[in-house]
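Chains A and B supply the protein sequences, listed in that same order. Just so we're on the same page, my numbering is the position in the first sequence counted from 1, plus 3. Just so we're on the same page, my numbering is the position in the second sequence counted from 1, plus 105. This report refers to the structure that appears directly beneath it.
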Amino acid sequence: MGGWAIAVHGGAGVDPNLPLERQEEARQLLTRCLNIGISALRSSLSPIDVVELVIRELESDPLFNSGRGSALTAKGTVEMEASIMDGVGRRCGAVSGLTTVKNPISLARLVMDKSPHSYLAFSGAEEFAKQQGVEMVDNDYFITEDNLGMLKLAKEANSIIFDYRIPLTGSDICEKAADAPPLMMNGLPISVYAQE
Amino acid sequence: TVGCVVVDGQGRCAAGTSTGGLMNKMSGRIGDSPLIGSGTYACDVCAVSCTGEGEAIIRGTLARDVAAVMEYKGLGLQEAVDFVIERRLDGGGQAGLIAVSSKGEVVCGFNSVGMFRGCATEDGFMEVGIWD
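What follows is the structure in structure tokens.
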């Protein structure tokens with residue numbers, strides 16, 4: 004048996020042109036969350052408690068694509084999802100289609116601990132959240148200006164993505180499109196892709 | 106997407122993943138993050154959290170596959186993660202994952218352009234990274 008270990012992530016697929024200050028912000032958030040997990044482990048919290056604690060912190064910061072700062076649906080709203088699993092006994096809980104639950108990972112944990120099921124979604128999950136008394140906020144809480152801008156670009160990219168001959172004005176997609184086919188992720192130029 | 110995996114000093118593992126999904130997604134679209142076995146998995150061998158192109162991760166049942174090749178093929182954690190990232194992401198799917206093992210190992214693997222990640226171990230190792 005080795006000692007304890009922890010890892011966190013904030014998404015895969017990063018725009019190579021991401022400004023340095025955004026990179027530094029991301030590093031600081033990852034370091035802060037790692038340190039929260041490390042001190043929890045040193046206080047002998049169980050692995051499942053540490054996982055929930057760290058992900059709540061990541062959900063509350065708008066930098067990454069979860070909780071506050073979530074990617075937006077085509078309608079401009081937020082529909083969040085999460086899952087959690089305890090290796091001891093392979094117990095698990097998952098939720099989808101959340102629109103008002105402040106910390107989706109905690110509702111996933113309650114599905115595991117307080118329901119006879121493994122997965123609840125949309126209105127059923129929201130109803131369960133009310134029953135459990137978890138913190139619930141307006142859908143606006145999750146929506147950031149940055150992501151409203153990204154949604155606009157993503158909509159443009161979907162309609163014009165295959166026509167490099169039409170440069171967009173005033174957006175760096177156009178510069179890149181003009182001189183080289185952009186890196187793609189999930190059908191979107193990486194510059195508008197929000198790491199899922 | 107954000108995720109966390111932990112193993113304690115007794116070798117007990119846990120994993121979690123949370124996301125807003127894809128920008129401009131259809132309402133009702135479900136990705137890999139809430140799917141046990143695809144975006145998240147934990148057992149007595151390891152714990153895994155995935156991120157990236159959800160549909161590719163679902164097709165590859167990525168998280169469970171890491172545990173499966175450790176259980177059935179006897180691979181170590183690093184080998185298992187490399188195997189899954191190289192073999193299970195078909196159709197050019199781009200993704201990454203973090204994993205710990207009950208032996209206290211911690212690994213990150215990805216085939217995408219970068220991944221926001223960080224890890225630490227009890228013997229004082231700590232690393233935060235974005236690129237390769």
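C-beta atoms are modelled at their ideal positions from N, C-alpha and C, and glycine is treated no differently.
Could you work out which residue in the options is closest to residue i when comparing CA atoms only?
i, options, result
"A:GLN135", "A:GLY90, A:LYS117, A:ALA43, A:ARG35", "A:LYS117"
"B:VAL107", "A:MET83, A:ALA124, A:LYS155", "A:MET83"
"A:SER46", "A:TRP7, A:GLY79, A:LYS78", "A:TRP7"
"B:THR124", "B:ALA173, B:GLY114, B:CYS109", "B:CYS109"
"A:LEU75", "A:PRO65, A:ASN150, A:MET4", "A:ASN150"
"A:TYR196", "A:GLU60, A:ASN142, A:ASN38, A:SER73", "A:SER73"
"B:GLY144", "B:CYS151, B:GLY219, B:LEU167, B:LEU127", "B:LEU167"
"A:MET187", "B:GLU210, B:GLN199, B:ILE203", "B:GLN199"
"B:ARG193", "B:GLY165, B:MET128, B:GLU184", "B:GLY165"
"A:GLY190", "B:THR122, B:ASP113, B:ASN129, B:ARG117", "B:ASN129"
"A:ILE146", "A:LEU110, A:LYS105, A:ARG112", "A:LYS105"
"A:LEU32", "A:ILE87, A:ASP18, A:PRO19, A:ILE58", "A:ILE58"
"B:GLU184", "B:GLN115, B:ASP195, B:VAL212", "B:VAL212"
"A:ARG35", "A:LEU61, A:GLN26, A:ARG25, A:PRO192", "A:LEU61"
"A:LEU48", "B:MET231, B:ASP237, B:CYS118", "B:CYS118"
"A:THR103", "A:MET139, A:MET153, A:ASP64, A:ALA85", "A:MET139"
"A:ILE154", "A:TYR144, A:GLY79, A:LEU113, A:GLU130", "At residue 154 of chain A the sequence reads Leu, which differs from the Ile that was named. Selected option, being the one with the closest Cα: A:GLY79."
"A:VAL53", "A:LEU37, A:PRO19, A:ASP64, A:MET115", "A:LEU37"
"A:ASP141", "A:GLY70, A:MET115, A:PRO185, A:LEU23", "A:GLY70"
"A:ASP143", "A:GLY92, A:LEU110, A:ALA132, A:VAL81", "A:VAL81"
"A:LEU44", "B:PHE188, B:GLY116, B:ASP237", "B:GLY116"
"A:PHE132", "A:HIS120, A:PRO107, A:GLU148, A:GLY152", "Phe is not the amino acid found at residue 132 of chain A; the sequence shown has Ala there. Closest option to A:ALA132, Cα to Cα, is A:PRO107."
"A:LEU110", "A:GLY13, A:PRO22, A:VAL137, A:GLY92", "A:VAL137"
"B:ALA173", "B:MET231, B:CYS155, B:CYS151", "B:CYS151"
"A:ARG93", "B:GLY133, B:VAL186, B:ARG169, B:PHE230", "B:ARG169"
Please check the pair residue i and residue j, which I expect to be a contact at CB under 8 angstroms, by giving their CB distance rounded to whole angstroms.
i, j, result
"B:VAL111", "A:PRO50", "4 angstroms"
"A:ALA15", "A:LEU66", "Rounded, the Cβ-Cβ distance is 15 angstroms, inconsistent with contact."
"B:ASP149", "B:SER207", "6 angstroms"
"A:GLY5", "B:GLU210", "7 angstroms"
"B:VAL153", "B:LEU202", "6 angstroms"
"A:LEU101", "A:ALA128", "6 angstroms"
"B:LEU182", "B:ALA147", "Actually they are not in contact, since the Cβ atoms of B:LEU182 and B:ALA147 sit about 13 angstroms apart, beyond 8 angstroms."
"B:ILE235", "B:GLY214", "With a Cβ gap of about 15 angstroms, B:ILE235 and B:GLY214 do not count as contacting."
"B:MET141", "A:MET88", "Correcting the residue type first, residue 141 of chain B is Ile in the shown sequence and not Met. Correct: roughly 6 angstroms between the Cβ atoms."
"A:ILE41", "A:LEU56", "About 11 angstroms separates the two Cβ atoms, so there is no contact after all."
"A:SER63", "B:GLY121", "Their Cβ separation, rounded to whole angstroms, is 14 angstroms, which puts A:SER63 and B:GLY121 out of contact at 8 angstroms."
"A:SER194", "A:ASN20", "7 angstroms"
"B:GLY114", "B:GLU227", "7 angstroms"
Name the chain D residues that come within less than 9 angstroms of residue i, Cβ to Cβ?
i, result
"B:ALA185", "The chain labelled as chain D is not found among the protein chains of the depicted structure, namely A and B."
Residues, ordered as in the chain, of the region 76-104 of chain A that lie near chain B by beta-carbon distance below 8 angstroms: THR76, ALA77, LYS78, THR80, VAL81, GLU82, MET83, GLU84, ALA85, SER86, ILE87, MET88, ASP89, GLY90, VAL91, ARG93, CYS95, ALA97, VAL98, SER99, GLY100
Stretch pair the region 147-164 of chain A + the region 170-188 of chain B: three plus CB contacts closer than 8 angstroms: no
Length at least 3, wholly inside the region 4-52 of chain A: the beta strand (DSSP E) runs in chain order: 8-15
The region 199-217 of chain B: which residues have C-beta closer than 9 angstroms to a C-beta of chain A, in chain order? GLN199, ALA200, GLY201, LEU202, ILE203, ALA204, VAL205, SER206, SER207, LYS208, GLY209, GLU210, VAL211, VAL212, CYS213, PHE215, ASN216, SER217
Quick one: any contact between the region 121-137 of chain A and the region 86-104 of chain A, if contact means 3 or more CB pairs under 8 angstroms? yes
Looking at C-beta atoms only, is the number of pairs between the region 155-174 of chain B and the region 121-141 of chain B that lie closer than 8 angstroms three or more? yes
Residues of the region 48-74 of chain A whose Cβ lies closer than 8 angstroms to any Cβ of chain B, in chain order: SER49, PRO50, ILE51, VAL53, VAL54, GLU55, VAL57, ILE58, LEU61, GLU62, PHE67, ASN68, SER69, GLY70, GLY72, SER73, ALA74
Just by C-beta distance, which residues in the region 113-135 of chain A are closer than 9 angstroms to chain B? SER121, TYR122, ALA124, PHE125
Got a sec: which bits of the region 142-160 of chain B sit with their beta carbon under 7 angstroms from any beta carbon on chain A, in order along the chain? GLY144, THR145, TYR146, ALA147, CYS148, ASP149, ALA152, SER154, THR156, GLY157, GLU158, GLY159
Below 8 angstroms, can you find three or more Cβ-Cβ pairs linking the region 221-232 of chain B to the region 9-20 of chain A? yes
Listed in chain order, which residues of the region 147-161 of chain A have Cβ atoms closer than 8 angstroms to some Cβ of chain B? ASN150, MET153, LEU154, ALA157, LYS158, ASN161
Which ranges does the beta strand (DSSP E) cover as unbroken runs of at least 3 residues, wholly within the region 62-117 of chain A, from first to last along the chain? 83-89, 94-101
At which residue ranges does the region 150-216 of chain B contain complete alpha helix (DSSP H) runs of 4 or more residues, listed in the order of the chain? 159-165, 167-178, 182-192
Please give the ranges of any alpha helix (DSSP H) in the region 131-165 of chain A, keeping only runs that are unbroken, at least 4 residues long and fully inside the region. 148-163
Using a beta-carbon distance cut-off of less than 7 angstroms, what residues from the region 158-177 of chain B approach chain A? GLU158, GLY159
Note down, in chain order, all residues in the region 112-131 of chain B with a beta-carbon under 9 angstroms from any beta-carbon belonging to chain A. VAL112, ASP113, GLY114, GLN115, GLY116, ARG117, CYS118, ALA119, ALA120, GLY121, THR122, SER123, THR124, GLY125, GLY126, LEU127, MET128, ASN129, LYS130, MET131
Relative to chain B, which residues along the region 4-29 of chain A have a C-beta separation below 7 angstroms, given in chain order? MET4, GLY5, GLY6, TRP7, ALA8, ILE9, ALA10, VAL11, HIS12, GLY13, GLY14, ALA15, GLY16, VAL17, PRO19, GLN26, ALA29
Relative to chain A, which residues along the region 218-229 of chain B have a C-beta separation below 8 angstroms, given in chain order? VAL218, GLY219, MET220, PHE221, ARG222, GLY223, CYS224, ALA225, THR226, GLU227, ASP228
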